[in-house]
Every structure is written in C-alpha cells, then in structure tokens.
Amino acid sequence: MDRTETQSTNFNSIRISIASPEQILNWSHGEVTKPETINYRTLRPEKDGLFCERLFGPTKDWECFCGKYKRIRYRGVICDRCGV
C-alpha cells in the first residue's frame, strides 16, 4: 500500500472582510421574476421562481429540469430546452 505525504501549511492569521456591492453584483446571475417557490403537485421548483433551477442549479445532480440530460457525462452542459 502506497502512503502519500500530505503537506500542511500553518497560518499566523486570516483576514476576513465584507464583500463590496460591486463584488456581490459580479457574483450574481439571473433574476427571480415570480413569487412562487415549489409546485405543490410535483414538489419541484417553479421556473423563474424563488428556487428556480436555472439560478441555483439542478435539484438532482447531473440532471436538467426537463430530463433531457441525465448522468455525469453531461456535467457542465446547459440544456437548450430548460436552461438548467
């Protein structure tokens, strides 16, 4: 059995600061346009709602909202039908 060496780094201090409004705008993308959250029948997030999969990512790993792309081989692919 091979043993790999891990390298640890010691820090004397860490600086934490509040993000500026410009940084927050650069991090953000998308817009919530509907007040709905989750569809009560399907228990899936509503499109353009507060928990929209286009904004926050799919609820199931490696699967778009409409189901066109499933599995890990489509990782990073954006669906042309649903935009997830």
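For the sequence shown, this note's numbering assigns the number 3 to the initial residue and increments by one for each residue that follows.
Glycine is no exception: its CB is placed at the ideal position from the N, C-alpha and C atoms.
This structure is a prediction, so every number in the text was calculated from the model and none was measured.
Under 8 Å between the Cβ atoms of Trp64 and Ile74?
The sequence position of residue 64 within the sequence shown is 62, counting from 1. The sequence position of residue 74 within the sequence shown is 72, counting from 1. Against a cut-off of 8 Å, the Cβ pair of Ile74 and Trp64 comes out as a contact.
Can you list, in chain order, the residues of its chain whose CB lies under 7 Å from that of Thr35, leaving out five sequence neighbours each side?
Walking along the sequence shown from the start, residue 35 turns up at place 33. Counting only Cβ-Cβ distances below 7 Å, and skipping sequence neighbours, we find Asp50.
Mind reading off the beta-carbon distance from Arg83 to Lys70? Whole number of angstroms is fine, and I expect it under 8 Å.
On the sequence shown, residue 83 is found 81 positions in, with the first residue counted as 1. On the sequence shown, residue 70 is found 68 positions in, with the first residue counted as 1. The pair is a contact, with the Cβ atoms about 6 Å apart (cut-off 8 Å).
Inter-residue Cα distance where the pair is Glu48 and His31
Taking the sequence shown and counting its residues from 1, one reaches residue 48 at position 46. Taking the sequence shown and counting its residues from 1, one reaches residue 31 at position 29. Those two C-alpha atoms are separated by around 17 Å.
For the alpha helix (DSSP H) containing Leu57, list its first residue and its last residue.
Taking the first residue of the sequence shown as 1, we reach residue 57 at position 55. Looking at the DSSP string, the run of the alpha helix (DSSP H) that includes Leu57 is 55-58.
Buried versus exposed, by CB contacts within 10 Å (16 or more), Cys68
In the sequence shown, the residue the question calls residue 68 occupies position 66. So Cys68 ends up on the exposed side.
Simplified DSSP assignment, three categories, for Glu33
Counting from one through the sequence shown, the residue named residue 33 turns up at place 31. Looking at Glu33 - three-state DSSP - the assignment turns out to be coil, as it is neither helix nor strand.
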